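Contents: one structure, followed by commentary.
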Amino acid sequence: MHHNRITRASIGLMAVALLALLMATACGGPSTPAPAGPTPPPAVGQTPAAPATTGAVPQPATPAAAQPKRGGTLVIRYWTGDPPDLDPYLNTSFRSQEFAAFFYSRLLKFDSGPDVKPNSFKPIGDLADKWEVSKDGLTWTFHIRDNAKWQNKPPLNGRKVTADDVMFSWTRFQKDNVQKAVLNMVKDVKAVDASNVAFTLNDIFAPFETSIATPLFYIVPKEVIDADGNLRKTIVGSGPFIFDKYEKGVQVVAKRNPDYYFSPMPYVDEVDLLIVPEDATAVAAMRSKQIDINGVSAIDAASLSKTNPEMLIRKNTQNLLSFMYWRVQEKPFNDARVRQAVSLAMDRDETIKTLYEGEGVYQSHLAAGLESSHLSPLDASFGPNAKYFKRDVAAAKKLLADAGYPDGLKVPYISVLNAYGNTFNQGVELVQKQLKDAGIIMEFKPQDYSAYIASTFLGKFEAPTMVWGLETPVQEANDYLFNMYDPKSARNHAGINDEKLNAMIVKQRMTLDKTERKNQLYEIQRYLAEQQYYVIGTVGMQMQSLQPWVKNFYYETDYGRGAEYVIKVWLDGKPQ
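Structure, rendered in structure tokens:
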């Protein structure tokens, strides 16, 4: 089959970037029954009530024929740089996690479709087709679907997936995964028989289904680990696509798995995941019909709508945090007044206008994309600590003086410029300019993305450095709270250990009543607004441009989209 493909040569000939992508993520999944929460215990495969949905712009239905069509190559601009590691257990990068979702299965995943709003994060079955919870809410038993097989490649050769594979993966997850603490609520895992595996929790954990569905605990092949020691060399899973090749700086190519347990999905024969650093290059490739799906900025979306009105533009609030961090146990940021001063010096209105063409929102310490959990600082119910999100340079200077820094601060400043696109890069400079007005002089030291992820992002940097970065989107409020604030988390970037906060976080995740838990999450956000352990920036809209021949595309913000929305997409009338 012949099809248009963007090559290394064509990338080099295209335009230089304008503005851009902040880690586009989208996904969807086939409908599978899911159980309700832990009390009362649901029957196996019971369908839950619709979850609370998030703040998303209403999405128009994608025009589609009555029946999906098989075949063709789907080309997506997927990354701005190479995945730093092909083994998802060994790296926290979103690029590694997104790569894995095409090839490896999870027990559960997240749904999307015409009746599922973006960012609602409804867990549905993936490798597991049914599951149940014990009466005490502590033991979750997952049944592996009977038609689940490893891909027909050596050394797996299409054998059945069993409970022993889940057990092996859990053992490796606990041993090698850099984010293993995310599932530290699990006390024990046992294979009940060849098709059932039981997870016993230390205590009731309200969002457990969401945690298992989060793209972190992939079921990985024992034979490959035994032979190679890791998943960097041989890539064989039970997921929807078969790994074909990885060309550094160009693309990852994935072929349809004909033995996938959700057959006839995937509908496309091939997916080309392009690595295109510059946004203008990707937009030019959209215009020349070389790319089918691309995340775009507000400016590029408006431009494409004018020049190519046949294209579809999808839009919703990003589930993402931009934030400033430091070492909170060391001077000067061990003083809450200094942290509060940084927040007061930031001009969030200017950022929304400059970076997002006015299409952005204020955030608290939970992402605005999680509408069911997020409390906006602009909401009247936020209380007095909302003042720390409103720019007040005079108040910032006074706080610095009261903390012993009447002449301001001069500190190193780390961020990356080769990872998240041009909009983020502009934000790096804009924050630096805004803080200078309050006497905070930041000496910028750019860091390569791979080095950043392996060191700074894990809290390995010297005080009094300030760092501007993005927090990986997660699908549940508890995951943001655990990742960023728990002393055991690899993503506790600032080294936070607040006993009061720790108790609040534990309490909310053990609360089954949704209204009560939501009130607890609001109170946590009010508390964090005063502490300002991290200073949270604004967020723009997540936009995707689609060629008119892309059908059945439905957005969801998580890194498991390879097994979620991509398997549902089909092509109708794509030029050959």
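Numbering-wise, the sequence shown is residues 782 to 1357 according to this note's numbering. The beta-carbon is built from N, C-alpha and C at its ideal position, and this holds for glycine as well. These numbers were taken from a predicted model, which means no experiment stands behind them.
If residue 1000 and residue 1019 are in contact, beta carbons under 8 Å, what's the gap, nearest whole angstrom?
If you number the sequence shown from 1, residue 1000 lands on position 219. If you number the sequence shown from 1, residue 1019 lands on position 238. Correct: roughly 6 Å between the Cβ atoms.
Where residue 1125 falls, given that 16 or more other Cβ within 10 Å makes a residue buried:
On the sequence shown, residue 1125 is found 344 positions in, with the first residue counted as 1. By the C-beta density criterion, residue 1125 is buried, having at least 16 other C-beta atoms within 10 angstroms.
Inset, instruction - Per DSSP, which residues does residue 1307 bridge with? Please list them. - result: Locating residue 1307 in the sequence shown gives position 526, where the first residue counts as 1. Its beta-bridge partners do not exist; DSSP assigns none.
Cβ-Cβ distance between residue 1141 and residue 1265 below 9 Å: The count along the sequence shown starts at 1 and reaches residue 1141 at position 360. The count along the sequence shown starts at 1 and reaches residue 1265 at position 484. No, they are not a contact pair.
Taking DSSP as the reference, what is the three-state secondary structure of residue 972? Taking the sequence shown and counting its residues from 1, the one referred to as residue 972 is at position 191. In this structure, DSSP gives residue 972 an extended state, which the three-state scheme calls strand.
With 16 other Cβ atoms within 10 Å as the buried cut-off, status of residue 997 = As a position in the sequence shown, residue 997 is number 216, starting the count at 1. Buried, because 16 or more other Cβ atoms sit within 10 Å of the Cβ of residue 997.
Pick helix, strand or coil for residue 1075, following the three-state DSSP scheme. Here residue 1075 refers to the residue found at position 294 when the sequence shown is read from its first residue. Three-state result, residue 1075: strand.
Considering just the uninterrupted stretch of the alpha helix (DSSP H) at residue 1174, what are its terminal residues?
Locating residue 1174 in the sequence shown gives position 393, where the first residue counts as 1. First-last of the alpha helix (DSSP H) with residue 1174: 1174-1183.
- [ ] Report yes or no: do the segment 916-923 and the segment 977-989 share at least 3 C-beta pairs separated by less than 8 Å?
- [x] Yes, the segment 916-923 is in contact with the segment 977-989.
Checklist line | Which of helix, strand or coil DSSP assigns to residue 769 | finding: No statement about residue 769 is possible, as the shown extent of the chain runs from 782 to 1357 and does not include it.
Checklist entry - What residue range is occupied by the uninterrupted alpha helix (DSSP H) comprising residue 952? => result In the sequence shown, residue 952 corresponds to position 171, counting from 1. 944-957 is the extent of the alpha helix (DSSP H) around residue 952.
Note to self: What would DSSP say about residue 1129, mapped onto helix, strand or coil?
What the structure shows: Along the sequence shown, read from residue 1 onward, the residue named residue 1129 stands at position 348. Looking at residue 1129 - three-state DSSP - the assignment turns out to be helix.
_Taking 9 Å as the threshold (C-beta atoms), are residue 1077 and residue 1094 in contact?_
If you number the sequence shown from 1, residue 1094 lands on position 313. If you number the sequence shown from 1, residue 1077 lands on position 296. In this structure, residue 1077 lies closer than 9 Å to residue 1094 by Cβ.
Quick one: Cα of residue 1331 to Cα of residue 898, how far? In the sequence shown, the residue the question calls residue 1331 occupies position 550. In the sequence shown, the residue the question calls residue 898 occupies position 117. Their Cα atoms are separated by approximately 19 Å.
- Task: Pick helix, strand or coil for residue 993, following the three-state DSSP scheme.
- Result: Translated into the one-based positions of the sequence shown, residue 993 becomes position 212. Of the three classes helix, strand and coil, the one that applies to residue 993 here is helix, per DSSP.
| said: What ranges does the beta strand (DSSP E) occupy inside the segment 1235-1273, keeping only unbroken runs of at least 3 residues that lie completely in it? | reply: If we require 3 residues or more, the beta strand (DSSP E) runs fully inside the segment 1235-1273 come out as 1247-1252.
8 Å CB neighbourhood of residue 942 in its chain, flanking five on each side removed = In the sequence shown, counting from the first residue as 1, residue 942 sits at position 161. Closer than 8 Å at Cβ, skipping near neighbours: 886, 908, 925, 929, 930, 931, 1000, 1019.
Span of the beta strand (DSSP E), counted from its first residue to its last, around residue 1053:
By one-based count along the sequence shown, residue 1053 stands at place 272. Where residue 1053 is concerned, the enclosing beta strand (DSSP E) starts and stops at 1051-1056.
- prompt: Expressed to the nearest angstrom, what Euclidean distance is found between the alpha-carbon atoms of residue 1356 and residue 1086?
  reply: What you label residue 1356 is simply residue 575 of the sequence shown in a count that begins at 1. What you label residue 1086 is simply residue 305 of the sequence shown in a count that begins at 1. Here the alpha carbons of residue 1086 and residue 1356 stand approximately 20 Å from one another.
**Q.** Rounded C-alpha distance that separates residue 1084 from residue 1137
**A.** Within the sequence shown, numbered from 1, the residue matching residue 1084 stands at position 303. Within the sequence shown, numbered from 1, the residue matching residue 1137 stands at position 356. Straight-line Cα distance between these residues: approximately 14 Å.
So what does residue 920 bridge to, in DSSP terms?
Looking up residue 920 in the sequence shown gives position 139. Note: residue 920 sits in a beta bridge opposite 981.
Fill in: Supposed close pair residue 1092, residue 1327 - CB separation, criterion 8 Å
As a position in the sequence shown, residue 1092 is number 311, starting the count at 1. As a position in the sequence shown, residue 1327 is number 546, starting the count at 1. A Cβ-Cβ separation of about 6 Å places residue 1092 in contact with residue 1327 under the 8 Å criterion.
* Asked: residue 1101 to residue 882, Cα distance in whole Å?
  -> The count along the sequence shown starts at 1 and reaches residue 1101 at position 320. The count along the sequence shown starts at 1 and reaches residue 882 at position 101. Cα-Cα distance, rounded: 19 Å.
According to DSSP, residue 912 sits in a beta bridge with which residue or residues? Counted from its first residue, the sequence shown places residue 912 at position 131. The partner list for residue 912 (beta bridge, DSSP) reads 923.
Span of the beta strand (DSSP E) around residue 1025:
Position 244 of the sequence shown, counted from the first residue, corresponds to residue 1025. 1022-1028 is the extent of the beta strand (DSSP E) around residue 1025.
| message | Helix, strand or coil for residue 1341? Go by DSSP, reduced to three states. | response | Counting from one through the sequence shown, the residue named residue 1341 turns up at place 560. Secondary structure at residue 1341: coil, using DSSP grouped into helix, strand and coil.
Margin query: So, at 7 Å on beta carbons, what are the nonlocal neighbours of residue 808 in its own chain, with the 5 sequence-adjacent residues on each side left out?
Written below: Translated into positions along the sequence shown, residue 808 becomes position 27. Unreliable placement is indicated for residue 808, whose pLDDT of 33 sits below 50; the coordinate value is still reported in the next sentence. Short of 7 Å from the beta carbon of residue 808, and not among the five residues preceding or following it, lie these beta carbons of its own chain, in chain order: 891, 893, 1337, 1339, 1341, 1342, 1345, 1346.
> By a C-beta neighbour count over all protein chains shown, 10 Å radius and 16 as the cutoff for buried, is residue 1214 buried or exposed?
Replying inline: The residue you call residue 1214 lines up with position 433 of the sequence shown. With fewer than 16 other CB atoms across the displayed protein chains lying within 10 angstroms of its CB, residue 1214 is exposed.
Give me the residue from 1104, 1033, 951 with the minimum Cα distance to residue 1319. What you label residue 1319 is simply residue 538 of the sequence shown in a count that begins at 1. Residue 1104 is the option with its Cα nearest to residue 1319.
What number of angstroms, rounded off, separates the C-alpha of residue 1132 from the C-alpha of residue 1009?
For the purposes of this step, residue 1132 is taken as the residue at position 351 of the sequence shown. For the purposes of this step, residue 1009 is taken as the residue at position 228 of the sequence shown. If you take the alpha carbons of residue 1132 and residue 1009, they lie about 47 Å apart.
Q) Considering residue 1326, what are the terminal residues of the beta strand (DSSP E) in which it resides? A) The residue labelled residue 1326 in the question sits at position 545 within the sequence shown. Under the DSSP assignment, residue 1326 falls in the beta strand (DSSP E) whose first and last residues are 1320-1327.
I'd like to know whether the C-beta atoms of residue 1311 and residue 1285 end up nearer to each other than 9 Å.
Within the sequence shown, numbered from 1, the residue matching residue 1311 stands at position 530. Within the sequence shown, numbered from 1, the residue matching residue 1285 stands at position 504. At a Cβ-Cβ threshold of 9 Å, residue 1311 and residue 1285 do not count as neighbours.
Once the 5 residues before and after residue 1240 are set aside, which same chain residues still bring their CB inside 8 Å of it?
Here residue 1240 is taken as the residue at index 459 of the sequence shown, counted from 1. Its chain contains 1108, 1273, 1274, 1275, 1276 as the residues whose beta carbon lies nearer than 8 Å to that of residue 1240, once the 5 sequence neighbours on both sides are disregarded; these appear in chain order.
**Asked** Looking at the unbroken beta strand (DSSP E) that takes in residue 1103, where does it start and where does it end?
**Response** The sequence position of residue 1103 within the sequence shown is 322, counting from 1. The continuous beta strand (DSSP E) containing residue 1103 extends over residues 1102-1106.
Handout entry: 6 Å Cβ shell around residue 1219 - same chain, five flanking residues per side excluded
Key = Walking along the sequence shown from the start, residue 1219 turns up at place 438. For residue 1219, where only same-chain residues beyond five positions count, the Cβ hits under 6 Å are 1126, 1174, 1177, 1178.
Going by C-alpha to C-alpha distance, which of 1258, 861, 944 sits closest to residue 1148?
Your numbering for residue 1148 matches position 367 in the sequence shown. Ranking the options by Cα distance to residue 1148, first place goes to 1258.
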